[in-house]
Amino acid sequence: MRIYYFCSETGYYQGESFLSERDLEKVEGVTTVAPPHYAKGEVPIFDVSTQSWTLHKVQQTDGARSWLSEESELSDMKDGMSLEKLSASCYPVENLHRKTQGVPVKFLAAASGYIFSLLLVAGATLVCEFIRPHLVPTNMVMVYQLVVVIAAVKLGRRPAIATAFLSVLAFDFFFVPPRLTFSVAEKEYLVTFLGFFIVGVIISSLVAKVREQSLERERLSKQAEKARILQVQENLERALLNSISHDFRTPLVSIKGALSALKDKGDRLSSEARQELLETASDEAERLNRFVGNLLDMTRLEAGAMRLKIEPSDVQELVGCGLSAMETRLGDRNVSVTLPPDLTLVPLDMVLMTQVLVNLLDNANKYAPAGSGIEVEAAVSGDWLTLTVADHGPGAPESDLPHIFEKFYHIQVPEKAGGTGLGLSICRGIVEAHGGKIMARNRAGGGLVVEVLLPLVARSEDV
Amino acid sequence: MKDTQDATGQHRILVIDDESAIRRFLHSALSSEEFSLHEAASGHNGLSAAAALRPDVILLDLGLPDIDGIEVIRRIREWSQVPIIVLSVREREDDKVAALDAGADDYLTKPFGVGELLARIRASLRRSIIQTSEPVFTSGDLRVDLNLRRVTVGGNEIQLTPMEYDLLRLLIIHADKVVTHGQILKQIWGVAHQEQPQVLRVTISNLRKKVERDPSRPRHITTEPGVGYRLRQAE
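Sequence order for the protein chains is A and B.
Counting in the working numbering, the first sequence runs from 1 upward without gaps.
Counting in the working numbering, the second sequence runs from 1 upward without gaps.
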């Protein structure tokens with residue numbers, strides 16, 4: 001199984017080669033596995049074997065070019081990497097990079113801790129200045145003690161000890177008579193200082209310990225989360241494999257069964273039984289062939305290897321091709337075709353769009369009850385051709401509608417339907433490659449309506 | 001199909017395919033009183049078998065181990081007009097077009113049924129034996145008198161533009177055989193129009209509206225997506 005890694009605005013993902021970013025979205029738990037900070041010219045790659053990020057040096061490319069997003073440019077950075085593939089939907093690494101660019105992060109983080117403790121002490125001093133007329137200096141120790149605790153919770157042990165030390169100095173300087181000097185008139189204040197400092201250190205240590213424990217817990221739960229993500233992914237891969245092997249095996253079981261029956265005891269079977277076995281084998285071989293075709297289409301779509309051959313095409317001819325390819329499967333089901341009389345030629349790839357229409361008709365044919373009709377319609381609105389295939393089947397639950405174009409997505413269907421879960425996602429792939437859109441809705445009175453929108457003006461790069 | 005049988009009885013079919021399982025299947029499916037089957041497992045063997053055997057039909061797999069199938073077609077076409085039916089896998093429309101343009105007569109997409117294969121073989125034999133001088137073409141409700149340039153559908157005469165008629169006539173000459181877009185454009189509109197498939201699409205669309213009962217379900221002029229058109233002759 002190929003693993004690839006990709007990043008998006010929210011972080012880095014890893015995925016098996018069949019998954020698109022959209023697929024990952026629906027997998028619960030696949031969120032961010034945050035990469036470490038990295039410098040210019042480096043790229044973090046998640047290594048599945050060691051379960052950790054490693055930084056890889058890459059050749060610097062110019063400016064804001066999103067070299068992670070272009071597969072063709074991968075060769076530049078592939079040196080020495082076991083990187084198989086990066087998703088085309090990668091977020092430009094340059095943009096991510098900017099977040100940390102040029103900042104010595106660790107030093108700054110450490111320095112900011114001490115600056116914050118200085119501010120805490122200054123704050124405490126101000127508060128004490130306000131209450132000075134009402135309290136004896138010894139009581140101010142409590143205010144300083146408070147900021148030491150805050151520092152311990154927020155900043156950790158060392159900044160907290162620093163806070164305690166600064167507090168002693170501030171307390172001595174501002175409030176212990178003689179004021180505004182570090183000299184001490186009464187010896188017992190030295191005991192106060194010492195006691196305060198020791199208590200401060202103890203509090204710091206205790207609080208820091210608790211803090212570390214909670215950090216540790218967080219780290220452990222992050223690790224558990226990571227393990228869970230891997231588990232989810234593994235389950236998904238297993239589901240994919242199961243689905244594929246099921247779809248391959250089911251027809252093979254029938255074919256092999258039928259053929260072995262004919263081979264072993266063909267002469268003892270009635271001619272009807274022989275005919276039935278032969279028809280089973282033949283139908284199932286046809287189904288297997290379709291599945292292989294679908295799987296090939298899907299793989300080519302995923303790999304971006306599907307080349308469109310866009311030519312001005314006759315929509316009526318397209319409908320004719322789809323109906324002709326579906327002729328045996330549709331049997332005597334009534335398919336009504338409604339086309340505007342003066343439809344212009346539409347730029348499309350006839351072979352691939354025929355495939356789309358065949359898949360949509362096949363879907364309608366599988367889900368709609370026998371005897372009900374299918375309606376195929378085309379219309380032009382604005383700059384778009386709308387091609388609609390509507391059936392009178394059960395439709396899809398509203399919550400499933402947004403997902404039916406996803407790979408291996410099955411809604412609860414009668415056993416005979418037994419699709420591969422690839423047909424509609426291939427449709428989406430092909431339609432989107434045309435710069436078009438595909439969507440589904442339920443219609444009043446029952447039935448699924450799938451709408452394909454194709455631009456009437458081909459995108460310049462496709463022509 | 002007695003009318004296509006030559007004096008010696010059997011038609012010789014040469015299969016050029018490197019897959020022994022496919023040769024075996026074709027052998028048992030086609031060998032009969034009507035056909036005798038001969039096999040070649042590579043392009044070179046196929047070329048010498050074609051010269052020695054003088055087959056009536058050649059079934060050619062495009063993916064041969066030694067020479068490109070298209071090259072095999074070209075070399076055979078240097079000296080013979082024997083019908084060549086290409087056996088090709090799905091989704092290689094460009095290969096199919098290249099094979100047809102190189103001189104192949106027809107193609108079948110693997111996997112295919114024997115019925116379909118037999119129909120293609122017989123259509124090829126018919127074309128090679130009966131010359132295209134037949135003045136009247138009939139198929140279902142379509143009747144075209146090539147001498148009088150008269151076209152009737154279900155007994156009613158229909159008016160075609162000169163271009164539509166030329167296109168229909170071209171398809172009739174190659175009845176039951178696929179004619180590529182390039183071949184049609186070259187024959188009807190001349191070399192200059194090779195790159196303008198729109199004209200062809202519109203003319204086909206108009207022709208269908210006149211000769212097809214339901215232009216969305218054409219019975220006479222069928223589309224081979226990505227390859228070309230075929231005029232079906234109902235038996």
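All C-beta atoms in this analysis are idealised placements derived from N, C-alpha and C, irrespective of residue type, glycine included.
Treat the numbers as computed from the prediction; the structure is a model and nothing was measured.
Cβ-Cβ separation, residue j to residue i (assumed contact under 8 Å), whole Å
{"i": "SER313 of chain A", "j": "VAL346 of chain A", "result": "6 Å"}
{"i": "VAL207 of chain A", "j": "LEU166 of chain A", "result": "With a Cβ gap of about 17 Å, VAL207 of chain A and LEU166 of chain A do not count as contacting."}
{"i": "PRO218 of chain B", "j": "GLY320 of chain A", "result": "5 Å"}
{"i": "PRO225 of chain B", "j": "THR354 of chain A", "result": "5 Å"}
{"i": "VAL86 of chain B", "j": "LEU62 of chain B", "result": "6 Å"}
{"i": "MET306 of chain A", "j": "ASP362 of chain A", "result": "Incorrect: roughly 19 Å between the Cβ atoms, too far for contact."}
{"i": "ILE426 of chain A", "j": "LEU269 of chain A", "result": "With 8 Å as the limit, ILE426 of chain A and LEU269 of chain A do not qualify as a contact, their Cβ atoms being about 39 Å apart."}
{"i": "GLY195 of chain A", "j": "GLN145 of chain A", "result": "Rounded, the Cβ-Cβ distance is 10 Å, inconsistent with contact."}
Per-residue burial, residue i [other beta carbons within 10 Å of its own, 16 or more giving buried]
{"i": "HIS134 of chain A", "result": "exposed"}
{"i": "LYS177 of chain B", "result": "buried"}
{"i": "THR328 of chain A", "result": "exposed"}
{"i": "GLN159 of chain B", "result": "exposed"}
{"i": "GLU284 of chain A", "result": "buried"}
{"i": "LEU142 of chain B", "result": "buried"}
{"i": "ARG213 of chain B", "result": "exposed"}
{"i": "HIS246 of chain A", "result": "exposed"}
{"i": "ARG120 of chain B", "result": "buried"}
{"i": "ASN242 of chain A", "result": "exposed"}
{"i": "LEU385 of chain A", "result": "buried"}
{"i": "ALA21 of chain B", "result": "exposed"}
{"i": "GLU93 of chain B", "result": "buried"}
{"i": "LEU348 of chain A", "result": "buried"}
{"i": "ALA368 of chain A", "result": "buried"}
{"i": "ASN294 of chain A", "result": "buried"}
Residue i (DSSP reduced to helix, strand or coil)
{"i": "PRO265 of chain A", "result": "It should be noted that the sequence gives Lys, not Pro, for residue 265 of chain A. Three-state result, LYS265 of chain A: helix."}
{"i": "THR150 of chain B", "result": "The sequence shown places Arg at residue 150 of chain B, rather than the Thr named in the question. Strand, per DSSP."}
{"i": "LEU30 of chain B", "result": "helix"}
{"i": "VAL114 of chain B", "result": "helix"}
{"i": "SER399 of chain A", "result": "coil"}
{"i": "ASN359 of chain A", "result": "helix"}
{"i": "PRO85 of chain B", "result": "Per the sequence shown, residue 85 of chain B should be read as Ile rather than Pro. Residue state, collapsed to three classes: strand."}
{"i": "ALA41 of chain B", "result": "coil"}
{"i": "ARG443 of chain A", "result": "coil"}
{"i": "TYR13 of chain A", "result": "For TYR13 of chain A, the predicted model reports a pLDDT of 40, less than 50, meaning its position is unreliable and no value from the coordinates is stated."}
{"i": "LYS437 of chain A", "result": "strand"}
{"i": "HIS11 of chain B", "result": "strand"}
{"i": "PRO197 of chain B", "result": "helix"}
{"i": "ILE67 of chain B", "result": "coil"}
{"i": "GLU375 of chain A", "result": "strand"}
{"i": "ASN156 of chain B", "result": "strand"}
{"i": "SER270 of chain A", "result": "coil"}
{"i": "VAL389 of chain A", "result": "strand"}
{"i": "GLU216 of chain A", "result": "helix"}
{"i": "PHE291 of chain A", "result": "helix"}
{"i": "SER205 of chain B", "result": "helix"}
{"i": "GLN101 of chain A", "result": "Annotation note: pLDDT 35 at GLN101 of chain A (below 50); position unreliable, no value reported."}
{"i": "PHE244 of chain B", "result": "No answer is possible for residue 244 of chain B: the residues shown for chain B start at 1 and end at 235."}
{"i": "ASP145 of chain B", "result": "strand"}
Close Cβ partners of residue i (< 7 Å) along its chain, the five nearest in sequence each way excluded
{"i": "THR163 of chain A", "result": "SER117, LEU120, VAL121, VAL147, VAL148, ALA151"}
{"i": "VAL457 of chain A", "result": "ASP383"}
{"i": "SER205 of chain A", "result": "ARG157"}
{"i": "ALA51 of chain B", "result": "none"}
{"i": "LEU171 of chain B", "result": "VAL179, ILE221, TYR229, LEU231"}
{"i": "LEU169 of chain A", "result": "none"}
{"i": "VAL143 of chain A", "result": "ALA124, VAL127, CYS128"}
{"i": "LEU360 of chain A", "result": "VAL389, CYS427, VAL450"}
{"i": "GLN233 of chain B", "result": "SER139, ALA175, ASP176"}
{"i": "THR138 of chain A", "result": "THR192"}
Beta-carbon contacts of residue i that lie in its chain and below 8 Å, excluding the five residues immediately before and after
{"i": "ASP56 of chain B", "result": "ASP6, HIS11, ARG12, ILE13, VAL82, PRO83, LEU125, SER128"}
{"i": "PHE174 of chain A", "result": "THR125, CYS128, GLU129, LEU180"}
{"i": "GLY46 of chain B", "result": "LEU14, ILE16, ALA40, ILE58, LEU60, LEU64, VAL72"}
{"i": "SER112 of chain A", "result": "none"}
Cutoff 7 Å: residue i Cβ touching any chain C Cβ
{"i": "SER28 of chain B", "result": "The chain labelled as chain C is not found among the protein chains of the depicted structure, namely A and B."}
Residues near residue i by beta carbon distance below 6 Å, same chain, minus five either side
{"i": "PHE193 of chain A", "result": "VAL168"}
{"i": "VAL97 of chain B", "result": "THR180, VAL227"}
State whether the segment 428 to 435 of chain A contacts the segment 7 to 21 of chain B, with contact taken as three or more CB pairs (one from each stretch) at a distance under 8 Å. no
With a cut-off of 8 Å, do at least 3 Cβ pairs link the segment 448 to 458 of chain A to the segment 376 to 396 of chain A? yes
Would you call the segment 211 to 219 of chain A in contact with the segment 246 to 263 of chain A, where contact means no fewer than 3 C-beta pairs closer than 8 Å? no
Assess, as a yes-or-no matter, whether the segment 365 to 376 of chain A is touched by the segment 330 to 345 of chain A under the definition of 3 or more beta carbon pairs within less than 8 Å. yes
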